[in-house]
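Asker:
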Amino acid sequence: MKRKQRKQRKHLKKKNPSSYKEKPAQDNDEFKDTFKINQALRTENYNLLREIGRETGFTSDAIRRRVWPFLLHCTDLDQDKVIEGSLDVPHKDEEQVNLDVIRSFNSFPKNLDEEDKEKLQKQLKNVIVHVLRSYPSLHYYQVSQEAAASA
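Heads up: the sequence shown runs through residues 22 to 172, numbered per our numbering.
(1) Quick test of your reading: Val148 and Leu93, contact by CB under 8 Å. State the CB separation rounded to the nearest angstrom.
(2) Ignore the nearest five residues each way along the sequence and tell me which others in Ser81's own chain have a CB closer than 8 Å to its CB.
(3) What number of angstroms, rounded off, separates the C-alpha of Gln144 from the C-alpha of Asn49?
(4) Assuming contact is defined by CB atoms lying nearer than 8 Å, are Ile58 and Phe79 in contact in what I supplied?
(5) Any idea what DSSP makes of Lys36, helix, strand or coil?
(6) Since Leu9 is in the alpha helix (DSSP H), which residue starts that stretch and which ends it?
(7) Determine the extent of the alpha helix (DSSP H) in which Pro90 is found, giving its start and end residues.
(8) Roughly how many angstroms separate the alpha carbons of Pro181 and His151, rounded to a whole number?
(9) In whole angstroms, what is the alpha-carbon distance linking Ser155 and Tyr162?
(10) Can you tell which of Leu141, Glu51 and Asp137 has the C-alpha that lies nearest to the C-alpha of Thr8?
(11) Can you give the Cα-Cα distance for Glu65 and Gly74, rounded to whole angstroms?
(12) Just reading off the alpha helix (DSSP H) that Ser125 is part of, what are its end residues?
(13) Along the chain, where does the alpha helix (DSSP H) that runs through Leu62 open and close?
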């Protein structure tokens, strides 16, 4: 058994010379960025997160799912309350947003069941409406929701 493990380790070293054993986690740039992002989220450092987003971006989809709601000021777990509580004045483009969000999941993803599709549509609509209500001078374009749906 030990012989087999040694062979596997040898094979890994040949295939990937910069293995994790050669470089401590603290020297890994992605680790540093993720650590800095998590620290900014814990301390609610909005400006640092904006700076990181502009300079290097966020390291993974999981991190993005945590950072973007914070940056958009919609971190409430109940997304419906976010929409109702953010601004009560509807944006002029909300009806178009509703129509486009309904169409947005017709072509992809193919294997999504109806319940998940409705949940994603609701989340997408909530994010778009929240941004539009927060910044009434913005104009909505269909490409906005297509980019958000595919992210």
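Note that the Cβ used here is the ideal one computed from N, Cα and C, for glycine as well. Just so it is clear, the structure is predicted and the values come from calculations on it, not from any experiment.
Answerer: Working from what's here:
(1) Contact holds; Cβ gap of about 7 Å.
(2) These residues qualify, in order along the chain: Thr55.
(3) The straight-line gap from Cα to Cα measures roughly 34 Å.
(4) Against a cut-off of 8 Å, the Cβ pair of Phe79 and Ile58 comes out as a contact.
(5) Residue placement at Lys36 is poorly supported in this model, since its pLDDT is 48, which falls under 50; the coordinates are not used for a value here.
(6) An answer regarding residue 9 cannot be provided, because it is not within the stretch 22 to 172 covered by the chain.
(7) For Pro90, the enclosing alpha helix (DSSP H) has its first and last residue at Asp82 to Leu92.
(8) The structure shown has nothing for residue 181, since the chain only spans 22 to 172.
(9) When the Cα atoms are used, Ser155 and Tyr162 turn out to be separated by approximately 16 Å.
(10) The structure shown does not extend to residue 8, since the chain is modelled only from 22 through 172, so no value can be given for it.
(11) Near 15 Å, if we compare the C-alpha coordinates of Gly74 and Glu65.
(12) Counting along the chain, the alpha helix (DSSP H) containing Ser125 begins and ends at Glu115 to Ser125.
(13) Run containing Leu62: Asp50 to Arg63, per the alpha helix (DSSP H) assignment.
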